[in-house]
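S.K.: Structure below; questions to follow.
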Amino acid sequence: MKKIFWWSIGVFLVYGACIWVYLFYISDTSIPQSLKGTSVDPATFMNARELMLTEKYSKIRDALFFIRIPYEWLGFILILVLGVSKKVNKWSKDVSRFSLLQTAIYVFWLSVLLLIYSFPMDWISYKLSKAYHITTQPFQGWMKDLFTDFWVNYATMFLVIAVLYAFIRKFSKRWWLYAWLVSIPFTLFLTFIQPVVIDPLYNDFYPLKNKELETKILHLADEAHIPAKHVYEVNMSEKTNSLNAYVTGIGSNSRIVLWDTTLNKLTEREILFIMAHEMGHYVKKHIYVGIASALVLSIVGLWLTKHLASFVIKRWGKALKITSLSDLNSLPLILLIFSILTFAVSPLTNMQSRHHELQSDTYAMDLTGDKQAAIKTFQDLTKSGLSQVNPPYLVKIFRYGHPTILERISFVEKYERNE
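Mapping of the sequence shown onto this note's numbering: residues 492 to 910, in sequence order.
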């Protein structure tokens, strides 16, 4: 037990040091010399202070991202090695003889422990964003969202874990397949209800107040053959200075959403370009493609989780206080393996996402043909989020679901409209 404990902490510290050196001393975020002085060059649309803040904020934020993931893995390992998971599982059995209630109790206390463990990282991220004026949300509002997130995740996890362990106990060899089959309607259901049930728990959504702008957006939607009746705005200005818009939901609950910060800070032409981009996601059915891709990856992930978990329990089960995968105290191991697999495949999922974003940029340019609005939009997005125009390679492949700003502006500059 001690060997696994200290080995895990040692690897985490060495990894963190390597990430810090890479981001702060090795990686190059400058733009190519040939692009100096062009619309891609941040020096042409940001002042010296903004450039300095962007570099500092981006590097610290990226370091936190890369450190947070193994920090989460370390938490799962410690919960297992220190016997916490086993004790919580035993206590849940002492409280109730009903399996479902035992699961509810265990998942609740495990969720509480993980919330406490992850709080320092959450707090640091919040304070960093607040210090650089990205976040405007007061502490009370941030804590409210944190606890809302806790209860939403707890309810979802309880349902998933209850079904998962029922399959593990009944079908020891094929549980991963049955779990995947059930996940299909569950994923579609969550995606369907998210815009009308889950998202409103965090923010207020309402039809776009500017009816003149809405008419122009709906005209674009009509040109794109999208049966839209409303564009929604959300009151994000009380939480952030960042800009955003997105497409969410499926079927009759599909929504195109604009942050009010986007409405307040961008010109009408820029907003229309963003809306055309979001319509591109709708027309290209990216939400459905994303769901299909996630389901394909999940069946592979569940199969790998089954075999990897069995191997780990056989090899280190005694040190991790796990006797069988069917025992509920093996849950941190399953979460650990799934988290590692998710991180490992993120370069592929991000690559697919960047491809979708490029398709939507192309669609927006085809629909509007407004190069100047597109370039100004990307520059404003960079300034509002203090984002690097040309981020380090590892940051791009592991973090970026969008092409870099350098790539997006360069694409627009070279774009020729396809009539």
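Beta carbons: idealized from backbone N, C-alpha and C, even for Gly.
All of these numbers come straight from a predicted model, not from anything done at the bench.
Whole angstroms are fine: how far does the CA of Ser851 sit from the CA of Lys775?
M.R.: As a working mapping, residue 775 is identified with position 284 in the sequence shown. As a working mapping, residue 851 is identified with position 360 in the sequence shown. Between Lys775 and Ser851, the C-alpha separation is close to 8 Å.
S.K.: Have a look at the DSSP bridge pairing and note the partners of Tyr737.
M.R.: Here the question's residue 737 lines up with position 246 in the sequence shown. Bridge partners of Tyr737: Val748.
S.K.: Have a look at the DSSP bridge pairing and note the partners of Pro698.
M.R.: On the sequence shown, position 207 is the one that residue 698 refers to. Bridge partners of Pro698: Tyr723.
S.K.: In terms of alpha-carbon separation, which member of Leu711, His893, Ile888 and Leu819 lies closest to Phe869?
M.R.: Counting from one through the sequence shown, the residue named residue 869 turns up at place 378. Here the closest residue by C-alpha is His893.
S.K.: Based on Cα-Cα distance, which residue from Thr840, Ile888, Ser878 and Phe829 lies nearest to Pro561?
M.R.: Mapped onto the sequence shown, residue 561 falls at position 70. Nearest option by C-alpha distance: Phe829.
S.K.: How big is the Cα-Cα spacing for Pro523 and Val903?
M.R.: Sequence index remark: in the sequence shown, residue 523 carries index 32 (1-based). Sequence index remark: in the sequence shown, residue 903 carries index 412 (1-based). Using only the alpha carbons, I get a separation of about 17 Å.
S.K.: Counting C-beta neighbours from all protein chains within 10 Å, is the total for Gln631 16 or more, i.e. buried, or is it exposed?
M.R.: Locating residue 631 in the sequence shown gives position 140, counting from the first residue. Exposed, by the Cβ-count rule.
S.K.: Whole-angstrom Cβ separation of Thr859 and Ala767, contact assumed at under 8 Å?
M.R.: In the sequence shown, counting from the first residue as 1, residue 859 sits at position 368. In the sequence shown, counting from the first residue as 1, residue 767 sits at position 276. Contact flag correct, Cβ pair sits at about 5 Å.
S.K.: If Leu822 and Ile652 are in contact, beta carbons under 8 Å, what's the gap, nearest whole angstrom?
M.R.: As a position in the sequence shown, residue 822 is number 331, starting the count at 1. As a position in the sequence shown, residue 652 is number 161, starting the count at 1. So it is a contact: roughly 6 Å between Cβ atoms.
S.K.: Thinking C-beta only, is Tyr693 closer than 8 Å to Asp636?
M.R.: For the purposes of this step, residue 636 is taken as the residue at position 145 of the sequence shown. For the purposes of this step, residue 693 is taken as the residue at position 202 of the sequence shown. Yes, the pair counts as a contact, with Cβ atoms nearer than the cut-off.
S.K.: Quick one: give me the first and last residue of the alpha helix (DSSP H) that Ile790 is part of.
M.R.: Numbered from its first residue, the sequence shown carries residue 790 at position 299. Counting along the chain, the alpha helix (DSSP H) containing Ile790 begins and ends at His777 to Leu811.
S.K.: So Thr731 and Thr752 are in contact, right, with Cβ under 8 Å, and what is the actual spacing, rounded?
M.R.: Along the sequence shown, read from residue 1 onward, the residue named residue 731 stands at position 240. Along the sequence shown, read from residue 1 onward, the residue named residue 752 stands at position 261. That belief holds up - the Cβ atoms of Thr731 and Thr752 are roughly 7 Å apart, short of 8 Å.
S.K.: With respect to the alpha helix (DSSP H) encompassing His772, which residues constitute its N-terminal and C-terminal limits?
M.R.: In the sequence shown, residue 772 corresponds to position 281, counting from 1. Element bounds for His772: Glu759 to Val774.
S.K.: Does Leu711 pass the burial test, meaning 16 or more other C-beta atoms within 10 Å, or should it be called exposed?
M.R.: Here the question's residue 711 lines up with position 220 in the sequence shown. Classification for Leu711: buried.
S.K.: Go to Asp861, then tell me how far its alpha helix (DSSP H) extends in each direction, as first and last residue.
M.R.: Counted from its first residue, the sequence shown places residue 861 at position 370. Unbroken run through Asp861: none, as it is neither H nor E.
S.K.: When you compare each of Thr639, Ser745, Tyr623 and Leu793 to Ser602 by their alpha carbons, which one comes out closest?
M.R.: As a first step, residue 602 is located in the sequence shown; it is residue number 111 there, counting from the start. With distances taken between Cα atoms, Ser602 lies closest to Thr639.
S.K.: Grab me the residues of Arg890's own chain with a C-beta within less than 8 Å of its C-beta, minus the 5 sequence neighbours each way, in chain order.
M.R.: Locating residue 890 in the sequence shown gives position 399, where the first residue counts as 1. Asp553, Phe556, Asn841 and Pro882, listed in sequence order.
S.K.: Starting from Thr647, follow the alpha helix (DSSP H) in both directions and report where the run begins and ends.
M.R.: Here residue 647 refers to the residue found at position 156 of the sequence shown. Segment Phe630 to Lys661, the alpha helix (DSSP H) holding Thr647.
S.K.: State buried or exposed for Tyr548, treating a residue as buried only when at least 16 other CB atoms are found within 10 Å of its CB.
M.R.: Position 57 of the sequence shown, counted from the first residue, corresponds to residue 548. The residue in question, Tyr548, is buried, as its Cβ has 16 or more Cβ neighbours within 10 Å.
S.K.: So the alpha helix (DSSP H) Gln593 belongs to, where does it begin and stop?
M.R.: Translated into positions along the sequence shown, residue 593 becomes position 102. Looking at the DSSP string, the run of the alpha helix (DSSP H) that includes Gln593 is Ser590 to Ala622.
S.K.: On a CA-only basis, which of Leu897, His624, Ser875 and Ala539 is nearest Leu734? Give me that one, please.
M.R.: Against the sequence shown, residue 734 aligns to sequence position 243. The option with the nearest alpha carbon to Leu734 is Ser875.
S.K.: Rounded to whole angstroms, what is the Cα-Cα separation between Ile782 and Ser587?
M.R.: If you number the sequence shown from 1, residue 782 lands on position 291. If you number the sequence shown from 1, residue 587 lands on position 96. The straight-line gap from Cα to Cα measures roughly 38 Å.
S.K.: Would you call the CB atoms of Ile747 and Ser530 closer than 8 Å?
M.R.: On the sequence shown, position 256 is the one that residue 747 refers to. On the sequence shown, position 39 is the one that residue 530 refers to. No. Outside cutoff.
S.K.: In chain order, what residues of the same chain lie with their CB nearer than 6 Å to the CB of Asp818, ignoring the 5 residues before and after it?
M.R.: Residue 818 sits at position 327 when you count from the first residue of the sequence shown. Here the set comprises nothing.
S.K.: Return the chain-ordered list of same chain residues with a C-beta closer than 7 Å to the C-beta of Gly792, the five sequence neighbours on each side being excluded.
M.R.: One-based indexing of the sequence shown puts residue 792 at position 301. Around Gly792: Phe829 and Leu832.
S.K.: Exposed or buried, what is Glu910 when buried is set at 16 or more other beta-carbons lying within 10 Å of its beta-carbon?
M.R.: Locating residue 910 in the sequence shown gives position 419, counting from the first residue. Confidence is the limiting factor: at Glu910 the pLDDT is only 49, short of 50, which leaves the residue's position unreliable, though a coordinate-based value still follows. Glu910 is exposed by the Cβ-count criterion.
S.K.: Suppose the cutoff is 6 Å on Cβ atoms and the five residues either side in sequence are ignored; what does the same chain contact list for Thr626 look like?
M.R.: Here the question's residue 626 lines up with position 135 in the sequence shown. Closer than 6 Å at the Cβ level, and outside the excluded window around Thr626, lie Ser620 and Thr731.
S.K.: Who pairs with Thr626 in a beta bridge, going by DSSP?
M.R.: Looking up residue 626 in the sequence shown gives position 135. Paired residue(s): Thr731.
S.K.: Please list, in chain order, all residues of the same chain as His847 whose beta carbon is under 8 Å from its beta carbon, the five residues on each side excluded.
M.R.: Stepping through the sequence shown from its first residue, residue 847 is reached at position 356. Cβ within range, chain order: His772, Lys775, His777, Val780 and Gly781.
S.K.: Under a Cβ-count criterion, where at least 16 other Cβ atoms within 10 Å of its own Cβ denotes burial, should Phe589 be classed as buried or exposed?
M.R.: Position 98 of the sequence shown, counted from the first residue, corresponds to residue 589. Looking at its Cβ environment, which holds fewer than 16 other Cβ atoms inside 10 Å, Phe589 is exposed.
S.K.: Check whether the Cβ atoms of Ser789 and Ser609 lie closer than 8 Å to each other.
M.R.: Against the sequence shown, residue 789 aligns to sequence position 298. Against the sequence shown, residue 609 aligns to sequence position 118. Contact flag unset, no.
S.K.: Is DSSP giving Asn580 helix, strand or coil here?
M.R.: Translated into the one-based positions of the sequence shown, residue 580 becomes position 89. Reduced to three states, the DSSP call for Asn580 is helix.
S.K.: Expressed to the nearest angstrom, what Euclidean distance is found between the alpha-carbon atoms of Val598 and Thr678?
M.R.: Reading the sequence shown from its first residue, position 107 is the one you call residue 598. Reading the sequence shown from its first residue, position 187 is the one you call residue 678. Cα to Cα, Val598 sits roughly 20 Å from Thr678.
S.K.: Nearest to Gly808 by CA position, among Lys797, Leu824, Thr796 and Trp794, is which residue?
M.R.: For the purposes of this step, residue 808 is identified with residue 317 of the sequence shown, where counting begins at 1. Of Lys797, Leu824, Thr796 and Trp794, the residue nearest in Cα terms is Leu824.
S.K.: One question on the structure: do Leu699 and Tyr737 come within less than 8 Å of each other, judged by their Cβ atoms?
M.R.: One-based indexing of the sequence shown puts residue 699 at position 208. One-based indexing of the sequence shown puts residue 737 at position 246. Not a contact, by the Cβ cut-off of 8 Å.
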